[in-house]
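Q:
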Amino acid sequence: SVCLSVCLLPSVRWACGYKNAQMVMSHLLKAYPHISNRLFGGRGFVPCVAAMQLYIERAWKGGWDPEGCLHFQGQLANRDVWIGTTEVAALLRSMDIRCNIHAFTSRTQRVWGPQGDGAGSSDAPPAIDNGADSDLYKNTNAGASSSAAAAAAPPPPP
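Under our numbering, the first residue of the sequence shown is numbered 45, with each subsequent residue one higher.
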């Protein structure tokens, strides 16, 4: 079974990034027990959203994702704000978990999802070619090929 941690939140509209991160980290705990001592101080479970906010702030204080820290003015705790991929990457990297960020773009401007014009459409979203030569696949690790980036550890904090 997968370890889930849920906190009662006054508003859940902004917590999807945290919940996605909880699911990823829950999977890491179950699938890779040898790294469980690195995740959240070896506690063996994924903390609630409020605690994750504090862990991300701690990652920022350690020098991870200075741009994200600046964007959120160094504070997530007790704030109903969305987080994204870079905040989760900073959290993982601060716990010595290697991860890379990849951006996937579309050849069209059509957005699929609850806010996009594709919502409710009977048409399927366009197929995405994840091949190395595809212009849809862009590695956000500047100057690194996807194979080199996958093999490289994240840079140490400044």
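Where a beta carbon is used, it is the ideal one built from N, C-alpha and C, also for glycine.
All values reported here derive from a predicted model rather than from experimental measurement.
State buried or exposed for W104, treating a residue as buried only when at least 16 other CB atoms are found within 10 Å of its CB.
A: Under this definition W104 is a buried residue.
Q: Please state whether the Cβ-Cβ distance between F109 and W58 is less than 7 Å.
A: Sequence inspection shows Asp at residue 109; the Phe mentioned does not correspond to that position. Their beta carbons are not under 7 Å apart, which means D109 does not touch W58 by this criterion.
Q: If distances are taken between C-alpha atoms only, which option among L114, M69, A75 comes closest to M139?
A: With distances taken between Cα atoms, M139 lies closest to M69.
Q: Going by alpha carbons, who is nearest to L98 out of A121, F116, P77?
A: Answer by Cα proximity: A121.
Q: Return the CA-CA distance between L83 and G61, expressed in angstroms with no decimal places.
A: Roughly 18 Å between the two C-alpha positions.
Q: Tell me, to the nearest whole angstrom, how far the beta carbon of Q117 is from that of E101; I am working on the premise that it is less than 8 Å.
A: About 11 Å separates the two Cβ atoms, so there is no contact after all.
Q: Do G112 and T130 count as a contact pair if the criterion is CB distance below 7 Å?
A: Yes. Within cutoff.
Q: I need the DSSP call for A59, collapsed to helix, strand or coil.
A: A59: coil per DSSP, three-state reduction.
Q: For the alpha helix (DSSP H) that contains A94, what are its first and last residues?
A: It spans 93-105 - the alpha helix (DSSP H) in which A94 sits, taken as one unbroken run.
Q: Along the chain, where does the beta strand (DSSP E) that runs through A121 open and close?
A: Segment: none, A121 is in no beta strand (DSSP E) and carries neither H nor E.
Q: Among W126, F148, I145, N81, whose alpha-carbon lies nearest the alpha-carbon of K63?
A: Ranking the options by Cα distance to K63, first place goes to W126.
Q: For A65, collect the residues of the same chain with a Cβ closer than 6 Å to its Cβ; drop the 5 residues on either side in sequence, then sort them by chain order.
A: These residues qualify, in order along the chain: V132.
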